[in-house]
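Convert by adding 8 to the 1-based position in the sequence shown; the result is the number in this note's numbering. The beta-carbon is built from N, C-alpha and C at its ideal position, and this holds for glycine as well. Being a predicted model, the structure only gives us computed values, none of them experimental.
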Amino acid sequence: MDELSFDPKDIAQALRKNVESYTPSVEREEVGRVVEAGDGIARVQGLPGAMASELLEFPGGVLGLAFNLDEDEIGCVVLGESSQIEEGDIVKQTGRILSIPVGDGFLGRVIDPLGVPLDGKGPIPAEETRVLEIQAANVVDRQPVKEPLQTGITAIDAMTPIGRGQRELIIGDRQTGKTAIAIDAIIAQRDNWASGDPKRQVRCIYVAVGQKASTVAEVVETLSDNGALDYTVIVNASASDPTPFQYLAPYSGAALGAYWMYEGLHALAVYDDLSKQATAYRTLSLLLRRPPGREAYPGDVFYLHSRLLERAAKLSDRLGAGSLTALPIVETKGNDISAYIPTNVISITDGQIYLEPDLFFAGVRPAINVGTSVSRVGGNAQIKAMRKIAGTLRI
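So, in structure tokens, the structure goes:
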């Protein structure tokens, strides 16, 4: 067998050719390191170019949301299992702002606040994505609320009417029928959906924040049995989900509704409930060492809800005349509607439906106190026949 032989000139020529064809590439990447992690949050040093609400990537593909931008470090809320994150882990920027996929494919589905399906029916086709932190429509882009949104509950449609684009608070103690009113309002849109007329149809979003999984399953079953699930999407952040999900869920629901609104369609969003979202926000703020204020809530808790509810609007004809109606729910304790969160949301919304425990236990269902309840839109959101009949009943 002949021995293998190498010509040194050939080897030198091959090396020279490779060296000449080599083009060096230099990439600059900012990285940070975890200095503290636990309880759903992480503190990261480095990343001076990070943006507010930017997604940060931890090892293992876990994402975090830039929540606090301090001079020396970033406070992140972890959107996933925080137990996988350890001190010293490398953190990278993604350059992306937190967003959610949107589209008609979400109707009839149950999703988490990031748009991931939870109902086991497979992936959801998305038409586009929308960022969660969007600017609400300004004054010029709106028009007065004057188109009625029927709830199917005579006490509401006659005494405290709701219009498309309005924000009407449902407030009361626990177990007084707040969710039942919201679900009835969704079911009442069934005939509008069956008509096939885009001007009548109302797409609904039910956002469950901090609810028991069994309660959400019951809502899904109720909507399905009444033929209302076909035009409803359920955004679920149950009590067992990470705290950041409970904070983000209402914004995810608002992003879905805003997509349909800017398409010239009508949407109804139910936030059940904003008391639990405020509690989740307080938890994250205290963990990230934000200064506490009244009832240990951070100073910007009013802005937490105002920037959410201001997205509900009736757009001008120039923008397609779409609408997003909001029915936020707030739970009171001991009939105290003068507490911090209830008074905040009352001042933001266009009226409130107050449910009284005494009426509920007396067998009055729905237990609406018509003296305390009010709609600041009033007869403008009623058809002429209803306005004529109910006009003399109001206090």
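Quick check: the Cα distance between Glu339 and Leu282, rounded to an integer number of angstroms? Near 8 Å, if we compare the C-alpha coordinates of Leu282 and Glu339.
Taking 8 Å as the cut-off, does the segment 194-204 touch the segment 248-262 (at least 3 CB pairs, one atom from each stretch)? Here the segment 248-262 does not lie against the segment 194-204, with fewer than 3 beta-carbon pairs under 8 Å apart.
Would the beta-carbon of Gln92 fall within 7 Å of that of Gly54? Against a cut-off of 7 Å, the Cβ pair of Gly54 and Gln92 comes out as no contact.
From Lys392, Asn388 and Leu363, residue whose alpha carbon lies closest to that of Ala163: Per the Cα distances, Leu363.
In the DSSP assignment, what are the bridge partners of Ala74? For Ala74, which the question treats as bridged, DSSP gives the partners Cys84.
Which residue from Gly130, Gly113, Phe368 and Val210 puts its Cα closest to that of Leu157? Closest by alpha carbon: Val210.
Can you find the residues in the same chain that come closer than 6 Å, C-beta to C-beta, to Tyr289, ignoring five residues on each side of it along the sequence? If we look at Tyr289 and ignore the five residues flanking it on each side, its Cβ neighbours are Tyr255 and Leu312.
CB-CB length for Ile142 against Ala266, believed under 8 Å: The pair is a contact, with the Cβ atoms about 6 Å apart (cut-off 8 Å).
Can you tell me whether DSSP reads Asn388 as helix, strand or coil? Here Asn388 sits in helix by DSSP.
Using 7 Å as the threshold, is the C-beta distance between Leu140 and Ala263 below it? A contact, by the Cβ cut-off of 7 Å.
How long is the line joining the alpha carbons of Val39 and Ile98, rounded to whole angstroms? Inter-residue distance for Val39 and Ile98 is about 7 Å (C-alpha atoms, whole angstroms).
When the Cα atoms are used, what is the spatial distance from Arg104 to Ala216? Looking at the two C-alpha atoms, the distance is approximately 26 Å.
Taking buried to mean at least 16 other C-beta atoms within 10 Å of its own C-beta, is Gln197 buried or exposed? By the 10 Å Cβ count, Gln197 comes out buried.
Can you tell me which of Ile82, Val309 and Lys186 puts its alpha carbon nearest to the alpha carbon of Gln360? The shortest C-alpha separation from Gln360 is found at Lys186.
Contact belief for Ala188 with Thr159 at Cβ below 8 Å, rounded distance in angstroms: Taking the Cβ atoms as the reference, Ala188 lies roughly 11 Å from Thr159, outside the contact range of under 8 Å.
Hey, quick one: how far does the alpha helix (DSSP H) through Ser331 stretch, first residue to last? In the DSSP annotation of this structure, Ser331 is not part of any alpha helix (DSSP H); the continuous beta strand (DSSP E) holding it starts and ends at Ser331 to Thr340.
Rounded separation between Met9 and Leu23 - CA only: Because the pLDDT of Met9 is 47, which lies under 50, any placement of that residue in the model is unreliable, and the number read from its coordinates should be weighed accordingly. Just so you know, the alpha carbons of Met9 and Leu23 end up roughly 29 Å apart.
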